[in-house]
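Be aware that the sequence shown starts at 138, since it is given in my numbering, and climbs by one per residue. Note that the Cβ used here is the ideal one computed from N, Cα and C, for glycine as well. Since we're looking at a predicted model, the values are computed, not measured. Since the structure comes first, as structure tokens, the remarks are kept for the end.
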Amino acid sequence: MNFWIYILILLSYGTKFTLTSAQTPNILWITIEDTSPQFIGCYGNSDARTPTIDCIAEEGV
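Right under this line is the structure:
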């Protein structure tokens, strides 16, 4: 009897994460050590060409 209760608890615990994982956003954390925002195009610098960072910033939350 205890074995089946243990199995049910394990199975219900796994479904909790599958239901909430579809609702949570993916998070991408980018750390650039030696670049300040003034040198990135998505922050208004028209001279900087950073198409990949601009695309990530445009599609981000």
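(request) Excluding the 5 residues preceding and the 5 following P188 in the sequence, name in chain order all residues of the same chain whose CB lies nearer than 8 Å to its CB. (result) Around P188: G178.
(message) Rounded to whole angstroms, what is the Cα-Cα separation between L165 and F140?
(response) 41 Å
(request) Starting from the Cα of I193, find the closest Cα among N163, S149 and Q175 and give me that residue. (result) Cα-wise, what sits closest to I193 is N163.
(request) State the Cα-Cα distance for the pair R186 and Y180, rounded to the nearest angstrom. (result) If you draw a straight line from the Cα of R186 to the Cα of Y180, it comes to about 11 Å.
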